[in-house]
Every structure is written in structure tokens, then in C-alpha cells.
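Read the structure below first, then the notes.
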Amino acid sequence: MSTTPKLFGPDRRYERWRWQIFAITWLAYAGFYLTRKSFSVAKIGILKETALGIDQSQLAWIDGAFLTAYALGQFFWGMAGDRLGTRFVILLAMPCSVLAGIGMGMSSLAMMLGILFFIQGLAQAAGWAPLSKNIANFFSRPERGVVMGLWCTNYAIGGMIASIFAGYVGERLGWRQAFVLPAVALAGVCLLFYLYQRNRPEDVGLPPVEAYHGIQEAPPSSPAEGGAPPQPEVTGSWQVVLEVLRNPIVLLLCLVYFCLKPARYAILFWGPKYVNDKLGTGMAASGWLSSMFELAGPFSVLVAGVLSDKVFGSRRMPVAVTCLALLGVLLYFLDDLPATPAMLAASLFLIGLLTFAPDSLISGTAAIDFGTKAGASTASGLINGCGSLGAIAGGTIPGFFYKTWGWHGVFGVLGGSVLVAALVLFPLWNTVPKDPPRA
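Written out as C-alpha cells, the structure is:
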């Protein structure tokens, strides 16, 4: 059994690059939320502007366009991250996200909003998998539970800040600026990424992280451990991609994430509207209250990462299964709770605690563990792509079925899906990849 490497080693140059990459990739993925969350807040202003002639079902179709593109893009960009490298993918996608956001702020037709949000979905899909691979290249597996716990705070904090920022701007300057100003902020993030990011330690004259830590990372040695017999990994090869696509643990994680993602995206896309319906609040207050969901994220993913490394010995599933079971029950009863600002804020915060922990472990840490460093982007892309297919339901069900089911019916369906995810994942409670040997 290998010991966990120290997060801050003796080589000052190596550590500077490791944590520089951590910081810039964290900022990059958090930044993507600036343009992703604008529409969820702007919906309130769009519906109030009756001259546009856009109703709630059309907003659901626009969300569906984004989610469809996001799901398709995950599969493509995941493989592209392994084949072409993180830097190329992000510097192509992020400017497209900026332009799509500005375009939505200038549009008045539902069709045009849908087309631009589809483009936004393709651009947003490029973020997670390639950036996860970047982390895998600079941090070895024994330390990834803690590191990914810290790193996965990006989408929780990014979503929270984006909701508050878009709500504040939309309330004071109109819903169009809720698209434009966040897009301008993302352009600044893109510039920083260009200046400070590199793909691998080898790109700056440093040895691979496994050599730095004196370990050798190898693929799992049996199907029970998550893959095929050990063989050399060639970064950027189709062989690595195909091995990931045949990995039974990765495929099962795809199914689990498909069942989990609808709940998260229903809150992300319709949280402000739910708060508005329950309390009658405006864009700023609705955006702020709904951001309690994301506020819980940093605590959730950090604690989940530490527990999975330090308490459960790099087993990710015990934390994930426990949170999924509790989340399913809470979602089912959510709409029956008293409709007060304090109760809504507390409920959304607790939902965030129970959502982000399994979300980060399944889509981030476990994806890298079982996909291995060489196939990290493909595994993350495959798992997130399947999850994003489920997110299409989460992002559109409230718009299509709210009038028929009510919010109680909507959250009941979402809770049932999460409970299915817990049941599917439970048999893997003790599963862990083969421990990397010391060199």
C-alpha cells in the first residue's frame, strides 16, 4: 500500500507549476458558468417582457437545445482532450462561449435564442473533461481525492457567483445585460488561461508527476478492478480511448450519472423560477436565494474528497451512495416544506450538500481513477456526456410538465431518478482501482 504524496513537495518549481495549473483550470471552469447561468436568471425578465411573445414552454425548448448540444459535445470534446490536449480545446471553445453569450443578449426571437444557446452548449461541453485531464497530468492518483475535492469547488462557486452576478446585473440593467456583462468577464478569464496554462509537466521541462512522486500509475489489472490487463499507456492514442470505452466500471458510472444529473440541472436552470413562483421575488432576490444550492457545493465536494481518501481509502462509492439516497428523499418532500425565504434557502443549501458530493466523485475523481491518467479526458467526457443526456430531462421537465404535475410532481420524479442511481451504485461500495506501485 502506497502512502499519499504530500500536496506541497520540496521542489519549488514543480510545486509552483502544479498549483498554477490547479488555479488557472479552476478559474477556467468556474468562468464557464458566467455564460451558462445567464439564461436561468434572464428567464424572469424575458417572461415579463410580453412584447417578445415568449412563454415558459418555449424557454424549455431553448434549455433543451443547450442540453442536447452539451450532451453531444461531451462525447466529442472528451476524446478531443486526450487526442489534442487541453490548451487547444479550451482556447477554441471559450471564445465561442463569449460570442454566443453576447449574441443572446442582443436577440429577441425564441428561435435565435435557441440557436445561440445550442452553440453555447457545444462550447460549454468542452470545459470539464479536458480540464480534468489537465489536473490528472499534474496530480497523482493517491492525492486526487483531496485535490479533486478542492478543484471541484469550481462549478459550485462558479455557479453561485454567476447566479448572483447575472441576477444583480439583470435587475438593474435589464435581462439583456445579464448575458453581455458575464460574457465580457469570461473573455478576461480566457486571456488569463492563455497566459498561464500548460498541458503537462513535460511541456515546461519537468518530469511526469508519477516520477516526481516515485510511483508508477498503471491500468487496473482485472475487470473487477475496473479494466483490462496492464499495458503501456500512450497519451493521445486511440488505443487508450478504446480501452476507456470498454471499461465496465466507467460504463456503469455513465448510467449512475445519467440518473443523477436531472436533479442538478433542474435546480440550476429552474431554481430562480421556482423561488419566484413560491415567494414572488424579482430577478436579484430569486438569483440570490437559488444560489444557496451552489453555495453548499464547495463544502460538499471538499468533504467528499477528503472522506473518500482519508476515511474510505480512495473508495469513492460509500460517500456517493449515502448522499444519493438522502437526496432522493429530500427532493420528494421539497415542495411540501413551508414556503418561506429561510426554509427555501436552507432546503436548497441541503440539496446542494447532497448533490455536489456524488456529482464530483462520479464525474471527476472516479472518472479519472478508473479511466487512468492517459484516458482521463475520454472517461470524464463519456460519463459527463451520459449525465448530460439525463440533464436534458432535468432542464426541460419543469417547463413542459409544471402545469400538469406542479412542482411537487416535478421534484418527485427527480427524487425517484436519484434513488435509482443510489441502487445502481450500491454494489460498487468497496470498488477501488488497483493501487499504483512504488517505482
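In the working numbering, the protein residues as written are 20 to 458.
Yeah, the Cβ is synthetic: ideal placement off N, Cα and C, and Gly gets one too.
If you drop the 5 nearest sequence neighbours on each side, which residues of the same chain put their C-beta closer than 7 Å to that of residue i?
i: PRO251; result: Residue placement at PRO251 cannot be trusted, given a pLDDT of 43 that sits under 50; what the coordinates show is reported in the next sentence. Here the set comprises nothing.
i: PHE94; result: GLY400, LEU401 and GLY404
i: VAL294; result: THR300, SER305, LEU308, SER309 and LEU363
i: VAL208; result: LEU46, ALA47 and GLY50
i: LEU128; result: none
i: VAL275; result: ILE381, ALA440, VAL443 and LEU444
i: LEU408; result: ALA90 and PHE277
So, at 6 Å on beta carbons, what are the nonlocal neighbours of residue i in its own chain, with the 5 sequence-adjacent residues on each side left out?
i: TYR284; result: ALA410, GLY413 and GLY414
i: VAL253; result: With a pLDDT of only 46 at VAL253, under 50, the local geometry of the prediction cannot be trusted, and no value is derived from it.
i: PHE81; result: First, the amino acid is wrong: residue 81 is Ile here, not Phe. The answer, listed in chain order, is LEU132, GLY133 and PHE136.
i: LEU438; result: GLY347
i: PHE445; result: VAL340
i: LEU343; result: PRO377, VAL437, ALA440 and ALA441
i: ARG37; result: PHE157
i: LEU372; result: ALA315 and SER319
According to the neighbour-count rule (16 or more other Cβ atoms, all chains shown, within 10 Å of its Cβ), is residue i buried or exposed?
i: LEU356; result: exposed
i: ASN156; result: buried
i: THR423; result: exposed
i: PRO242; result: Note that PRO242 has pLDDT 41, beneath the 50 cutoff, so the model's placement of it is unreliable and no number is given.
i: THR69; result: exposed
i: TRP147; result: buried
i: TRP448; result: exposed
i: LYS292; result: buried
i: GLY18; result: Limits of the chain in this structure are 20 at one end and 458 at the other, which puts residue 18 out of reach.
i: MET125; result: exposed
i: ARG76; result: The residue asked about is misnamed: residue 76 is Ser in this sequence, not Arg. Classification of SER76: exposed, given that the 10 Å Cβ count is below 16.
i: LYS329; result: exposed
i: ALA441; result: buried
i: HIS427; result: exposed
i: VAL108; result: buried
i: MET130; result: exposed
i: PHE312; result: buried
i: GLY189; result: buried
i: GLY97; result: buried
i: LYS62; result: buried
i: PHE58; result: buried
i: LYS67; result: exposed
i: PHE85; result: buried
i: PHE352; result: exposed
Kindly indicate the opening and closing residues of the alpha helix (DSSP H) around residue i.
i: ASP378; result: 360 to 379
i: TRP194; result: It is not in any alpha helix (DSSP H) - TRP194 carries neither H nor E in the DSSP assignment.
i: LEU349; result: 336 to 352
i: PHE445; result: PHE445 -> no alpha helix (DSSP H), and no H or E assigned at all.
i: VAL228; result: 228 to 232
Tell me which same chain residues have a C-beta within less than 8 Å of the C-beta of residue i, skipping the five on either side of it?
i: ASN153; result: ILE40, THR44, THR105, GLN216 and ASN218
i: LEU110; result: CYS209, PHE212 and TYR213
i: PHE184; result: LEU53, LEU200, PRO201 and ALA204
i: PHE419; result: SER76 and ALA79
i: LEU433; result: PRO281, ALA282, ALA285, LEU350, GLY413 and ILE416
i: GLY64; result: GLY189, GLY193, TRP194, ALA197 and MET302
i: ALA358; result: LYS297 and LEU298
Please find out if some non-hydrogen atom of the ligand NAP comes closer than 8 Å to the beta-carbon of residue i.
i: PHE157; result: Annotation note on the ligand NAP: not contained in the displayed structure, which lists no ligands.
3 or more residues per run - each beta strand (DSSP E) lying fully within the region 42 to 125: As far as the region 42 to 125 is concerned, it has no whole beta strand (DSSP E) run of at least 3 residues.
Inter-stretch contact (C-beta, 8 Å, three-pair minimum) for the region 208 to 218 and the region 323 to 339: Cβ pair count under 8 Å is below three, so no.
Contact the region 131 to 142 vs the region 108 to 123: 3+ CB pairs below 8 Å: A contact exists between the region 131 to 142 and the region 108 to 123.
Length-filtered (3 minimum) beta strand (DSSP E) runs lying within the region 132 to 176: Residue ranges of uninterrupted beta strand (DSSP E) with 3 or more members are absent from the region 132 to 176; none lies entirely inside it.
Every unbroken beta strand (DSSP E) within the region 253 to 337, with a cutoff of 3 residues, ordered by chain: Along the length of the region 253 to 337, whole beta strand (DSSP E) runs at least 3 residues long do not occur.
At least 3 beta-carbon pairs within less than 8 Å: the region 359 to 375 vs the region 193 to 203: Counting Cβ pairs under 8 Å, fewer than three are found: no touch.
Cβ pair count under 8 Å reaching 3, the region 319 to 333 against the region 74 to 89: Because the criterion of three Cβ pairs below 8 Å is not met, the region 319 to 333 and the region 74 to 89 do not touch.
The region 162 to 182 touching the region 51 to 61, judged by at least three CB pairs closer than 8 Å: Counting Cβ pairs under 8 Å, three or more are found: they touch.
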